[in-house]
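In our numbering, each residue's number is its place in the sequence shown (first place is 1) plus 100. Below: one structure, written as structure tokens.
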Amino acid sequence: MTDADRPDETPRYRIVAIPGDGVGPDVLAAGRRALDAVGAAAGFAIDWTELVVGGAGIDAHGVAIRPEDVEVCRAADAVYLGAVGGPKWDDPTSSVRPEQALFALRGGLGLFANLRPVTVHATLVSASPLRPELLDGVDMLIVRELTGGLYFGDRTEATGAPGSRSASDTLTYADDEIARVVRLAFELAGQRRGRVTSVDKANVLATSRLWRRVADEVALEFPAVRLDHRLVDACAMQIVRSPAAFDVLVTENLFGDILSDEASVLAGSLGMLPSASVGARRTVHGLHGLYEPIHGSAPDIAGRDLANPIGTILSGAMLLRWSLGRGDAADALEAAVGRALDDGYRTADLLPTERRPEDGSTRVGTIGMTAAIVDRIAIRRAAPAAVAARTP
Ligand code: IPM
Ligand code: MG
């Protein structure tokens, strides 16, 4: 049989692209380019569907996201998102806000766990304000609960005259909501260094006392993993005092939001960090999920070829690994990012202001950094059959 006789066996995956607002379109274009390139090298192709969501969705359709957009995301293998929000849609009295798109996707798709890995690339140690010796060995995974807590609780907005206004947000967690995310943290810790730190405010909050009890119960299922509990305030301090001590951190929605921005300082820039949001649903290829950098829409630098695309590209690597079962391509993409950094390519956020330009570094924009990464993609083919493997 010649190649021409053979049916086209190139695996194809369906990914929804949501560029969003601000630098979202800049970084998502970079991420798509990287995923297409690694797919070409590894022997698969991506069918992209683009959705207009966030502030752009408000402008186009009057709402941040439409129910049919959520359905398109549900039907795809994975969702790849840039960023949403910006000053144009910031009116606090408005009933439509770009961020509502994130909550509709997280809640609607049941993406209850947000995984935010924090590592420090050796050549970026000088980009962090922390002393180099503190960064040695930092490799933590923050697992943030994503569909409960204050973000999804009942709230009342302030009305009335100054002096008589009040507002409320409700913090509620059911034990099964806690158990499923804590269980995932334990499973992941079992594949890492075997330590889970559960973060709460059990000295004050009833939800935290429940969280702690449930974490202790789940721990019984994982005798090989060590659990400790930390109060969120003390944990915030420890993240900058001894960050290498952490393996997997698991915590509720708002604490996870705050601690992950804090932890990003270790990596040198918020622009470096990827995230994956996953739930229980599987497709034929892997876990259904949504992948986005942890940075926001940074409207001040939007459209100016300044944004660091690495957080988005590394989110793409997580997408390959978790949702498509393409660990080969994920490894190749992460290695390419590492090589581009080793070779001195730096976006503006990675160059300390007082030492710009750094010796031996090449200052690049979003497009230049993406090109440097794409140029360094090399797939290691263990055996030809492995490349066409379809199992997750
Ligand atoms: C994040 C962001 C969002 C959040 C905002 C944009 C609503 O900060 O993904 O961390 O708070 O979850
Ligand atoms: Mg945040």
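All residues carry an ideal CB built from backbone N, CA and C; glycine is no exception.
query: CA nearest to the CA of residue 353, picked from 285, 392, 339, 271; result: 271
query: Those runs of the beta strand (DSSP E) which lie wholly inside the segment 277-350 and span at least 3 residues; result: 295-300, 326-331
query: Burial state of residue 260, where buried means 16 or more other Cβ atoms lie within 10 Å; result: exposed
query: Contact check, residue 278 vs residue 356, beta carbons under 9 Å; result: no
query: Exposed unless 16 or more other CB atoms sit within 10 angstroms - verdict on residue 256; result: exposed
query: Neighbourhood of residue 311 by C-beta, 6 Å cutoff - its chain only, sequence neighbours within 5 removed; result: 278, 300
query: From 435, 178, 125, 215, residue whose alpha carbon lies closest to that of residue 147; result: 178
query: Integer Cβ distance of residue 445 from residue 415, believed to fall under 8 Å; result: Residue 445 to residue 415, Cβ: 19 Å. No contact.
query: Any non-hydrogen atom of the ligand PLP within 8 Å of residue 360 CB; result: As far as ligands go, the structure on display features the ligand IPM and the ligand MG and does not contain the ligand PLP.
query: Own chain residues within Cβ distance below 8 Å of residue 347, not counting five before or after; result: 239, 240, 241, 289, 292, 293, 294, 295, 296, 297
query: Top-ranked residue by Cα proximity to residue 380, from 200, 283, 364, 374; result: 283
query: C-alpha gap between residue 473 and residue 410, whole angstroms; result: 9 Å
query: Beta-carbon proximity list for residue 173, same chain, < 7 Å, skipping 5 on both sides; result: 116, 179, 205, 209
query: Contact between the segment 227-239 and the segment 423-439 (3+ Cβ pairs under 8 Å); result: no
query: CA-to-CA distance, residue 220 to residue 139, given in whole angstroms; result: 26 Å
query: Span separating the alpha-carbon of residue 335 from that of residue 109; result: 50 Å
query: Given 8 Å, three or more beta-carbon pairs between the segment 395-411 and the segment 123-132; result: yes
query: Beta strand (DSSP E) segment containing residue 241, residue limits; result: 239-245
query: Beta-carbon proximity list for residue 189, same chain, < 7 Å, skipping 5 on both sides; result: 155, 158, 197, 198
query: Three-state class that DSSP yields for residue 476 in the structure shown; result: coil
query: Entirely enclosed alpha helix (DSSP H) segments - the segment 129-188, minimum 4 residues; result: 155-161, 167-175
query: In DSSP terms, what residue 393 is bridged to; result: 374
query: Of the listed residues 365, 378, 274, 131, nearest to residue 340 (C-alpha basis); result: 365
query: Between the CA atoms of residue 111 and residue 491 - distance to the nearest angstrom; result: Bear in mind that a pLDDT of 36 at residue 491, under 50, signals an unreliable position, so the number given afterwards is only what the model happens to contain. Cα to Cα, the separation comes out at about 11 Å.
query: Nearest-angstrom Cα separation, counted from residue 136 out to residue 378; result: 22 Å
query: Three-state secondary structure assigned by DSSP to residue 270; result: coil
query: Paired residues, beta bridge with residue 120 - DSSP; result: 183
query: Helix, strand or coil at residue 416 [DSSP, three-state]; result: helix
query: Distance, residue 269 Cα to residue 254 Cα; result: 6 Å
query: Residue 258: first and last residue of the uninterrupted alpha helix (DSSP H) it sits in; result: From DSSP, residue 258 is part of no alpha helix (DSSP H); its letter is neither H nor E.
query: For residue 406, three-class secondary structure by DSSP; result: coil
query: Sequence-ordered residues whose beta carbon comes within less than 5 Å of a heavy atom of the ligand IPM; result: 199, 357
query: N-terminal and C-terminal residue of the alpha helix (DSSP H) that residue 429 is part of; result: 427-442
query: DSSP beta-bridge partners of residue 213; result: 245, 378
query: Alpha-carbon to alpha-carbon, residue 465 and residue 328; result: 42 Å
query: Cβ-Cβ distance between residue 141 and residue 440 below 9 Å; result: no
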